[in-house]
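Student: Right, I'll just put the structure down here and ask away after.
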DNA sequence: AAATAATACTTGCAAAATACAACTGTTTTA
DNA sequence: TAAAACAGTTGTATTTTGCAAGTATTATTT
């Protein structure tokens, strides 16, 4: 690789994140919940059932912050929270029916958004783009674990 | 493309952003400034001279928020701000010598970080990854402008 | 040329996000 | 059994943020 390649890579990723970030924001703002709540809903929905700890880890937030966010979701009847009978230190957080609805709405909207993105990439290039992202993710993992 | 491709794309990008986000945070936290200030420093440094408006647009923040961030940078002698003689509504924001130092530190650290990422990708795949990111960015732009 | 509108930025205010530290309750370990 | 470790909550303080209202400057309209 040449000397400037990493700068270009950085620039590309910067633009990518910025664009996605903006769109993610506007995309999410449809539902009544805040951005943080929506992220939580998606993670809970994906996991089906999850502890506070895990959730906080996934969203890279402090447990206290996470606790309050979940609290709000519970108050809005979007999630429910009960202590794990196996180990009563843990919570089992899951979505209510109402929460599932919101989750599905977000999912649909996000998936159709990414469907659009994919559609805007020439068909013959799509596998390459997928593979490249995999390579990038693998590269990040490699760096992360080895320092 | 198959039905599930967009979900996979979404997942990949999600992981990518999460990883980069976390690393970006920890990477930036080295300098005395906050994350928001660091972003601002990078943008001002890249532009050389920039108005508040443009800066807010770049960072996707409200002008008021941006104004305060710049204010802090000025107070810390990292940036200076004077009104544009051509049109006195605009500001000309630029880095001080001290700010340039911080900017260079961040740049070096970020570039070496991305150099590492690039290095963790098989050499023969690197051009493909670059092209794929370009394609993604282009796809995002295409979607954005046409809705 | 004067009044109006538009623009760039700042500031007052309030709300939301966030983390740290101290706490409770539960389980594991010594 | 006592101490340590862990999951989660709550008090508190800080930070981030944006909206709305303000000032100052420039462009537009009449």
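Protein chains in written order, with the working numbering: chain S, 1 to 147; chain D, 1001 to 1147.
Idealized CB from N, CA, C, for every residue including glycine.
Can you check whether the CB of residue 74 of chain S is closer than 7 Å to the CB of residue 81 of chain S?
Tutor: Translated into positions along the first chain, residue 81 of chain S becomes position 81. Translated into positions along the first chain, residue 74 of chain S becomes position 74. Contact: yes.
Student: Taking C-beta to C-beta, are residue 1079 of chain D and residue 1099 of chain D nearer than 7 Å?
Tutor: Stepping through the second chain from its first residue, residue 1079 of chain D is reached at position 79. Stepping through the second chain from its first residue, residue 1099 of chain D is reached at position 99. Taking 7 Å as the Cβ cut-off, residue 1079 of chain D and residue 1099 of chain D qualify as a contacting pair.
Student: Verify whether the separation of the beta carbon atoms of residue 95 of chain S and residue 50 of chain S is less than 7 Å.
Tutor: Position 95 of the first chain, counted from the start, is the residue given in the question as residue 95 of chain S. Position 50 of the first chain, counted from the start, is the residue given in the question as residue 50 of chain S. It is not a contact, given that the beta carbons lie outside the stated cut-off.
Student: Quick one: is the Cβ of residue 113 of chain S within less than 6 Å of any heavy atom of the ligand GDP?
Tutor: Because no ligand of any kind appears in the structure shown, any question about the ligand GDP cannot be addressed here.
Student: So, is residue 16 of chain S buried or exposed, given that buried needs 16 or more other C-beta atoms within 10 angstroms?
Tutor: One-based indexing of the first chain puts residue 16 of chain S at position 16. By the 10 Å Cβ count, residue 16 of chain S comes out buried.
Student: Note down the Cα distance separating residue 93 of chain S from residue 116 of chain S, rounded to an integer number of angstroms.
Tutor: For the purposes of this step, residue 93 of chain S is taken as residue 93 along the first chain, with counting starting at 1. For the purposes of this step, residue 116 of chain S is taken as residue 116 along the first chain, with counting starting at 1. Answer to the nearest angstrom: the Cα atoms are 32 Å apart.
Student: On the three-state DSSP scale, how would you describe residue 1139 of chain D?
Tutor: Taking the first residue of the second chain as position 1, residue 1139 of chain D is located at position 139. Residue 1139 of chain D: helix per DSSP, three-state reduction.
Student: Does the separation of the CB atoms of residue 1111 of chain D and residue 6 of chain S fall below 7 Å?
Tutor: Your numbering for residue 1111 of chain D matches position 111 in the second chain. Your numbering for residue 6 of chain S matches position 6 in the first chain. Yes, the Cβ-Cβ distance between residue 1111 of chain D and residue 6 of chain S is below 7 Å.
Student: Chain D partners of residue 120 of chain S, CB-CB under 7 Å?
Tutor: Taking the first residue of the first chain as position 1, residue 120 of chain S is located at position 120. Residues of chain D passing the Cβ test: 1139, 1142, 1143.
Student: Using only the alpha-carbon positions, how far apart do residue 143 of chain S and residue 1120 of chain D sit?
Tutor: Along the first chain, read from residue 1 onward, the residue named residue 143 of chain S stands at position 143. Along the second chain, read from residue 1 onward, the residue named residue 1120 of chain D stands at position 120. Looking at the two C-alpha atoms, the distance is approximately 7 Å.
Student: Roughly how many angstroms separate the alpha carbons of residue 11 of chain S and residue 1101 of chain D, rounded to a whole number?
Tutor: Position 11 of the first chain, counted from the start, is the residue given in the question as residue 11 of chain S. Position 101 of the second chain, counted from the start, is the residue given in the question as residue 1101 of chain D. Whole-angstrom Cα-Cα distance: 21 Å.
Student: Name the residues in the region 85-118 of chain S whose C-beta lies less than 7 Å from a C-beta of chain D; which are they?
Tutor: 110, 111, 114, 115, 116, 117, 118
Student: Taking the beta carbon of residue 1132 of chain D as the centre, do at least 16 other beta carbons fall within 10 Å, making it buried, or is it exposed?
Tutor: Looking up residue 1132 of chain D in the second chain gives position 132. Within a 10 Å sphere around the beta-carbon of residue 1132 of chain D sit 16 or more other beta-carbons, which makes this residue buried.
Student: Have a look at S:61, S:128, S:122 and flag the residue whose alpha-carbon is nearest the alpha-carbon of residue 1138 of chain D.
Tutor: The residue given as residue 1138 of chain D occupies position 138 in the second chain. For the options S:61, S:128, S:122, the alpha carbon positioned closest to that of residue 1138 of chain D is the one of S:122.
Student: Whose C-beta lies closer than 6 Å to the C-beta of residue 1090 of chain D among residues of the same chain, with five residues either side of it excluded?
Tutor: Sequence index remark: in the second chain, residue 1090 of chain D carries index 90 (1-based). Counting only Cβ-Cβ distances below 6 Å, and skipping sequence neighbours, we find 1051, 1084.
Student: Name the chain D residues whose beta carbon is nearer than 7 Å to that of residue 10 of chain S?
Tutor: Position 10 of the first chain, counted from the start, is the residue given in the question as residue 10 of chain S. Here the neighbours are 1110, 1111, 1114.
Student: Short of 8 Å Cβ to Cβ, which residues in the region 1045-1056 of chain D face chain S?
Tutor: none
Student: For residue 1079 of chain D, list the residues DSSP reports as bridge partners.
Tutor: Translated into the one-based positions of the second chain, residue 1079 of chain D becomes position 79. Note: residue 1079 of chain D sits in a beta bridge opposite D:1095.
Student: What does the alpha-carbon distance come out to for the pair residue 998 of chain D and residue 1103 of chain D?
Tutor: In the structure displayed, chain D extends from 1001 to 1147; residue 998 of chain D sits before or after that span and is not available.
Student: Exposed or buried, what is residue 1035 of chain D when buried is set at 16 or more other beta-carbons lying within 10 Å of its beta-carbon?
Tutor: As a working note, residue 1035 of chain D is residue 35 in the second chain. When all chains shown are included, residue 1035 of chain D counts as exposed.
Student: So if DSSP puts residue 1050 of chain D in a beta bridge, which residue, or which two residues, is it bridged to?
Tutor: Position 50 of the second chain, counted from the start, is the residue given in the question as residue 1050 of chain D. D:1093.
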